[in-house]
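**Student:**
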Amino acid sequence: MSKATDTFPRQFARTQRLTLGEPRNIVVSPDGMRVVYCRSLGGSDSVNSLYVLDVTTSVETCVADMIALQAINGSSGDSQIDTAAEKARRERAREGASGIVGYSCDQQVLNAAYCVAGKLFVTNLVTAKTQQINTSEAVFDPRISPNGKHIAYVRDGKLCVCDLTGTETIVATESQPNVEVTWGQAEFVAGEEMGRQRGFWWSPDSASLAACRVDNSPVAMTWIGDPANPETQPRQHRYPFAGTKNADVSLHIFNINSNNNTTDRIDVQWKQSQFEYLTTVQWTSNGLIVALQNREQTKLEVCAVDTSTGALSTIQTETDEHWIDLVAGSPTLLEDGRLAMCCERNGVRALTVGDHVVTKSDTQVRSIITTTPTSIYFAANPITDPTVLHVMRCALPDLSVFALTDERGVHTASVGGNTIVIRSATLHEKRTATRVNGAHEIPNNAETSLVTPNVTLHRVGANKIATAIVMPRDHDGSPLPILFDPYGGPHAQRVVSASGAYFASQWFANQGFCVVIADGRGTPGRGTQWEREVHHDLATKVLEDQIAVLHELPNLVPCADTTRVGIRGWSFGGYLAALAVLRAPEMFHAAVAGAPVTKWDLYDTHYTERYMGNPQVHPEDYESTSLVAHAHLLKRPLLLIHGLADDNVLAAHTLQFSTALLHHGKVHELLALSGVTHMTPQEVVAENLLLHQLQFLQRHLAN
511 MSKATDTFPR QFARTQRLTL GEPRNIVVSP DGMRVVYCRS LGGSDSVNSL YVLDVTTSVE
571 TCVADMIALQ AINGSSGDSQ IDTAAEKARR ERAREGASGI VGYSCDQQVL NAAYCVAGKL
631 FVTNLVTAKT QQINTSEAVF DPRISPNGKH IAYVRDGKLC VCDLTGTETI VATESQPNVE
691 VTWGQAEFVA GEEMGRQRGF WWSPDSASLA ACRVDNSPVA MTWIGDPANP ETQPRQHRYP
751 FAGTKNADVS LHIFNINSNN NTTDRIDVQW KQSQFEYLTT VQWTSNGLIV ALQNREQTKL
811 EVCAVDTSTG ALSTIQTETD EHWIDLVAGS PTLLEDGRLA MCCERNGVRA LTVGDHVVTK
871 SDTQVRSIIT TTPTSIYFAA NPITDPTVLH VMRCALPDLS VFALTDERGV HTASVGGNTI
931 VIRSATLHEK RTATRVNGAH EIPNNAETSL VTPNVTLHRV GANKIATAIV MPRDHDGSPL
991 PILFDPYGGP HAQRVVSASG AYFASQWFAN QGFCVVIADG RGTPGRGTQW EREVHHDLAT
1051 KVLEDQIAVL HELPNLVPCA DTTRVGIRGW SFGGYLAALA VLRAPEMFHA AVAGAPVTKW
1111 DLYDTHYTER YMGNPQVHPE DYESTSLVAH AHLLKRPLLL IHGLADDNVL AAHTLQFSTA
1171 LLHHGKVHEL LALSGVTHMT PQEVVAENLL LHQLQFLQRH LAN
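Residues in the sequence shown are numbered consecutively from 511, following our numbering.
#1: Hey, out of T1190, K639, V689, K1109, whose CA is closest to E1138's CA?
#2: Pull up the CB-CB distance for S1009 and K940, whole angstroms please, since I reckon it's below 8 Å.
#3: Measuring CA to CA, which of V800, D651, T640, A1212 is closest to L674?
#4: Note down, in chain order, each residue of its chain lying with its Cβ closer than 7 Å to the Cβ of L990, except the 5 sequence neighbours on either side.
#5: Return yes when the Cβ of L563 is within less than 9 Å of the Cβ of R534, no when it is not.
#6: What's the gap between the Cα of A662 and the Cα of P714?
#7: If you draw a straight line from the alpha carbon of C722 to that of V759, how long is it in whole angstroms?
#8: Give the single residue among W712, V837, G1104 whose Cα lies nearest to the Cα of E703.
#9: Considering only the alpha carbon of each residue, which of A976, T817, G987 lies closest to R1004?
#10: Per DSSP, R544 forms a beta bridge with which residues?
#11: If Q1056 and G1030 are in contact, beta carbons under 8 Å, what's the gap, nearest whole angstrom?
#12: Taking Cβ positions, are E828 and T1038 nearer each other than 9 Å?
#13: For the beta strand (DSSP E) that W833 lies in, which residues bound it at each end?
#14: Rank F1018, A1028, R983 by C-alpha distance to the C-alpha of A1002 and give the top, closest one.
#15: The beta strand (DSSP E) with Y624 in it runs from where to where?
#16: Is the distance from the Cβ of V537 to the Cβ of C615 below 9 Å?
#17: Looking only at its chain, what residues have a beta carbon closer than 7 Å to the beta carbon of G612, apart from the 5 residues adjacent to it on each side?
#18: Mind listing, in chain order, the continuous alpha helix (DSSP H) runs of no fewer than 4 residues lying wholly within the region 1083-1159?
#19: Examine the Cβ distances between the region 1108-1123 and the region 746-753 and report whether three or more of them are shorter than 8 Å.
#20: Which word fits H487, buried or exposed, when buried means at least 16 other C-beta atoms lie within 10 angstroms of its C-beta?
#21: Just how far apart, CA to CA, sit S988 and N739?
#22: Need the endpoints of the beta strand (DSSP E) that T939 sits in, please.
#23: Can you tell me the Cα-Cα spacing of S586 and T742, whole angstroms?
#24: So for Q1208, helix, strand or coil by DSSP?
#25: Note down the Cα distance separating M981 from N964, rounded to an integer number of angstroms.
#26: In three-state terms, what does DSSP make of L960?
#27: Can you tell which of A638, S556, T1033 has its C-alpha closest to the C-alpha of D895?
#28: For the alpha helix (DSSP H) containing W793, name the first residue and the last one.
#29: Within a Cβ cutoff of 6 Å, which residues of the same chain sit near A1103, ignoring the five residues on either side of it in sequence?
#30: Quick check on A949: buried or exposed, where buried means 16 or more other Cβ atoms within 10 Å of its Cβ?
Structure follows, in structure tokens:
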């Protein structure tokens, strides 16, 4: 429960945006009898334990209690993260919790393996017995074998396997020590941009491992320092700037005999010069498949791997003159041997099975959730309403499609056997609900927000831009300054039918603002052409759509004062906020830009080149969309915020922009956050950031 002395900024920070205490990482056993998940004890507790729900009795059991484990091992509640690899994985996943934040299960979901503070544990999910497996060094990303007899993990850049007694074998390592080469880990752009967090995969029979070898030596070296602590040595960080070299990534198969020893190594063969990105690896009972993408991201090949030779044979090829989006869960090989994918067809993203287009042109498929022998479960929205997300089922083998959710909201699912667990977020409920088979609700320990969203959704202007308007509660109709609060960029939405998306916006509204959130061209859910509108220009149409909404706002909210308009945003939203006061100072009168990309050639290869192309080929596009190049245009108050430890949008973005502004005599404010990364999980930092932004906006948008 919330504390009596809480303000919303404090609650929002303390509860990590009101997410702590929610059931998460849900896995359902293939017989449908057990639901496994992580959860903390309360809304301000970041330490997750592991739970199992008996579907028959609806009885919940804590099978791995982190308080007990910490008492045994003498670790603190925050569980110090011991490995650089684990810290990097959490940053890529935007993970702010501790304790058990991820786990793997065997095929029957009888055992789970996980690590806490680099220590390896296995829990029997039926008996609730937990054992620690001693390893010589801290481990990272443990994965239990399908038969439950072995665990593979990464240790100091090596891929290792041990049995349940702790007897270890190094499966893959370099013959000579080389800190630039790792085995079994995802490279930076795979984790940050491709959605591939893993670097090794068990075969279904537990006899083999497929593993990535990553050589980071071609990637540009950067240094991330801690200026507040000058005695601290800067940290090396390989960062693939747009137009520069990526890591060299290869895939290899290791056969492991019953004594836990590696018997041979098979190199998977493809032309890395033609397909630079390994986007997907999946090993099913029908074999091993990979998805490969070219550097330009205009071609994707799905290939079957001959595990005896490493040779590839192409199953399906997708091409697009703009780019090919990578979609969660796609491709996936079905048990009947057909390939299920999410592909651009008839102007929308469709579910395809083999040569068949399963979904209609009125549906935008967002992901493949999971597959069973009889079904494909996927997430989709009506093309006319990108604010919702529904769970759908495609029956096999006849490919008939059914909706499993109908309430307006954002729904996701986990499936096993005849059991389906659906997590739902709606506009009329402050907290998410996680229900098993539509009946039993898994307890949610998250706190209830101190603010209640007062939000209305609209489709605005000729482009029918999805727009949320958040108003102060019990407003008397007097003129209100306007605060735009967008993200506005590709692959992310802010306007959704879920109340949790508007808590911070509502707090700003309650301070006396009409808050406006608009998802313009380039944002997902509206079909192929809508997303492609930003090709080679991440600025013009993105900003035009924010302005279009502003023009229409007086018709929707007569008390909105268009002579006092602010804009705030983080990451791409920070870029958009700064762009607004540079390009449209007559419309936007103050901006807060948090962690903004200010030069696209300072951002990474996979994201930037997808939309902008290679900067060496299209320098004019990079120049026209650069904030640094247009610093001389600033006429309005601008607050820049950046974490100095940010390894995603490097602090160099804001520092170079600030230098350019100073060069042109443009007054601005800069808030540098020592020790803070791209996310801001620190409670004091997160709370005071909201307050600082509010004071800046109030100061500059006063009557």
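Glycine included, every Cβ here is placed at the ideal spot set by N, Cα and C.
**Tutor:** According to the data block:
#1: Before going further, note that residue 1138 is Val rather than Glu in the sequence given. K1109 is the residue among T1190, K639, V689, K1109 whose C-alpha sits nearest the C-alpha of V1138.
#2: Indeed they touch by this definition, with Cβ atoms about 6 Å apart.
#3: L674 has its Cα closest to that of T640, out of V800, D651, T640, A1212.
#4: Here the set comprises G1022, F1023, C1024, C1069, A1070, D1071.
#5: No, the Cβ-Cβ distance between R534 and L563 is not below 9 Å.
#6: Those two C-alpha atoms are separated by around 14 Å.
#7: When only Cα atoms are considered, C722 and V759 end up about 7 Å apart.
#8: Nearest neighbour of E703 by Cα position, chosen from W712, V837, G1104, turns out to be V837.
#9: Nearest of A976, T817, G987 to R1004, Cα basis: A976.
#10: D564, per the DSSP bridge assignment.
#11: Between G1030 and Q1056 the Cβ distance is about 6 Å, and since that is below 8 Å, they are a contact.
#12: It is not a contact, given that the beta carbons lie outside the stated cut-off.
#13: Note, W833: premise wrong, no beta strand (DSSP E); not H, not E.
#14: Out of F1018, A1028, R983, the CA that lies nearest to the CA of A1002 is found in A1028.
#15: Annotation: the continuous beta strand (DSSP E) that includes Y624 extends over 621-626.
#16: Going by C-beta atoms, V537 is nearer than 9 Å to C615.
#17: Within the same chain, G612 has close Cβ partners N535, Y624.
#18: If we require 4 residues or more, the alpha helix (DSSP H) runs fully inside the region 1083-1159 come out as 1115-1122, 1129-1134.
#19: Yes: the two stretches touch, three or more of their Cβ pairs being nearer than 8 Å.
#20: Shown here, the chain extends from 511 to 1213; a query on residue 487 therefore has no answer.
#21: Taking the Cα positions, S988 is about 49 Å away from N739.
#22: In the sequence as presented, Thr is not what sits at residue 939; that position holds Glu. In this chain, E939 is not harboured by any beta strand (DSSP E), its DSSP state being neither H nor E.
#23: Low per-residue confidence applies at S586: pLDDT is 48, beneath 50, and the placement is therefore not dependable, though the value from the model is reported in the following sentence. Cα-Cα distance, rounded: 24 Å.
#24: In this structure, Q1208 counts as helix in the three-state DSSP scheme.
#25: Here the alpha carbon of M981 sits roughly 6 Å from the alpha carbon of N964.
#26: Three-state DSSP puts L960 in coil, outside helix and strand.
#27: Comparing Cα-Cα distances from D895 to each of A638, S556, T1033, the minimum goes to T1033.
#28: Taken as a continuous stretch (DSSP letters only), W793 belongs to no alpha helix (DSSP H), being part of the beta strand (DSSP E) at 787-794.
#29: So the qualifying residues of the chain are G1084, A1087, A1088, L1150.
#30: So A949 counts as exposed.
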